[in-house]
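Novice: Note that the working numbering has the sequence shown beginning at 2, numbered continuously upward.
Glycine included, every Cβ here is placed at the ideal spot set by N, Cα and C.
Got a structure here, written out as structure tokens. Questions coming.
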Amino acid sequence: MKLVPLACFWFILTLITNFHLAFSKPRVEGVAIWKTSTGGAVSSSPVIFADKVIFGSDDGQVYALDTKNGYKVWVYPAGSRVNGGPTVGNGVVFVGTESTGVHAIDADTGLHRWKWQAPDKIRSAPTPVGNMIVFGCHDNSVYAVDAKSGRMRWRFETGGDVLSSPVASASAVFVGSQDGFLYALSLLTGQVKWKEELGAAVDGAPLILMDKMYVGSTAQAQGGQITAFDHASGKKLWFFRTEGGVTVKPVIEDGYVYFGDHSNIVYCLYEDNGQQRWRYKTKGIIESSPVVKDGTLYVASTDSYLYNLNLLTGDVNWSFKSKGAFTSDMAVGDDLVFLGSQDRSMYAIRPHEWRRESWEL
């Protein structure tokens, strides 16, 4: 008779467990819809243009793949490693290389338009601004080049290598340097409007939102920080110290600032004062800028995972693991995430709902 209560206990426990499984939110993971291999690691950030995803590879080529199936639409021989991301303006792809300068490529056909030979490496993504492109170079300089002809418009020299990809307003270009300064340059002449010392290398691109600008920085032995500025005057509004360097461009959504650092942490801060709301720790450094899509946060890490996080709590909604580290930014389409990996591949990823057996009451 003493076995009866125990049997009842296990029956009730099984009933409760299966009831929870039947009505709880199913577990979700990411799945690669397609994967296309290149001849080298993919550190270059992809860009979506029409029905193509365009990116560079360490094999010295620029690829345009069909977003639906990953088939190669065209391949352009750049002749040197492509670490920086391409950009597209007026149907032309602009991309920098390690040793062969900046290339302009027809976005539809992959045919060569022009090339501008830089004096050093270019890891900064060229930014189309009107009839120019603006980019940084490892010779400590920021360049503006005519988008149609490839002729240089102006050059501004900083005190360190420029890995930061510039961003522009109606009249100014904002760019960071490894000399520890953030610069606001005249769009027409390249002359300094203002500069602000951060005391640490500024390798990531700034983010402009309304009248404010946000940028990350990296100190050699003291971690890093994210700083908010008034972008018209350069006045500092607040800063937040991080455990690791910040080399990514932050993203802002509904009053919160999201970014990752080199201590493996993803942060969520309040936009108005820079106070922390939550943090989530991955197992690798964050070199990929986060993206907000459909009310969730996408973050890629060198631990080989792409994470989809809850915006308000930082909890993981789903994740995807590749065979190599993620070090580039991602491009997010309507229902797919495009992301390059150090395993020499470009992935098209989407959430995938796991199937499970459920006991119905």
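May I have a chain-ordered list of the beta strand (DSSP E) segments no shorter than 3 residues that lie completely inside the stretch 25-54?
Specialist: 29-38, 48-50
Novice: Report all residues from its chain with a CB closer than 8 Å to the CB of residue 52; omit the five preceding and five following residues, and keep chain order.
Specialist: 67, 68, 69
Novice: Looking at residue 98 and residue 127, is the spacing between their C-beta atoms short of 8 Å?
Specialist: no
Novice: Compute the Euclidean distance between the alpha carbons of residue 22 and residue 279, then round it to the nearest angstrom.
Specialist: Unreliable positioning characterises residue 22 in this predicted model, as indicated by a pLDDT of 31, which lies under 50. The coordinate reading is nonetheless provided below. Computed Cα separation, rounded: 29 Å.
Novice: Where do the N-terminal and C-terminal ends of the beta strand (DSSP E) with residue 72 fall, by residue?
Specialist: Element bounds for residue 72: n/a, residue is neither H nor E.
Novice: Three-state secondary structure (DSSP) at residue 96?
Specialist: strand
Novice: Sorted by chain position, which residues of the same chain lie with C-beta nearer than 6 Å to residue 124's C-beta, five sequence neighbours on each side aside?
Specialist: 84, 85, 164
Novice: Between 175, 274, 204, 110, which has its C-alpha nearest residue 189's C-alpha?
Specialist: Ranking 175, 274, 204, 110 by CA distance to the CA of residue 189 puts 175 first.
Novice: Measuring only the C-alpha atoms, how far is residue 261 from residue 191?
Specialist: 31 Å
Novice: For the structure I just gave you, are there three or more beta carbon pairs, one from the stretch 293-307 and one from the stretch 322-336, closer than 8 Å?
Specialist: Under the Cβ criterion (8 Å, minimum of three pairs), the stretch 293-307 counts as touching the stretch 322-336.
Novice: Taking one C-beta from the stretch 316-324 and one from the stretch 38-51 each time, how about it: are there three or more such pairs within less than 8 Å?
Specialist: no
Novice: State the DSSP-derived secondary structure class of residue 170, mapped to helix, strand or coil.
Specialist: coil
Novice: Kindly indicate which three-state DSSP category residue 269 falls into: helix, strand or coil?
Specialist: DSSP places residue 269 in strand when its eight states are reduced to three.
Novice: Identify which residue in 161, 105, 183, 109 has its Cα closest to the Cα of residue 148.
Specialist: Of all alpha-carbon atoms in 161, 105, 183, 109, the one lying nearest the alpha-carbon of residue 148 is that of 105.
Novice: State the Cα-Cα distance for the pair residue 76 and residue 131, rounded to the nearest angstrom.
Specialist: If you take the alpha carbons of residue 76 and residue 131, they lie about 27 Å apart.
Novice: Round the Cβ separation of residue 259 and residue 272 to the nearest angstrom and send it over; I've been treating them as touching at under 8 Å.
Specialist: Contact between residue 259 and residue 272 fails: their C-beta atoms lie close to 10 Å from each other, not under 8 Å.
Novice: Please state whether DSSP places residue 121 in a helix, a strand or coil.
Specialist: coil
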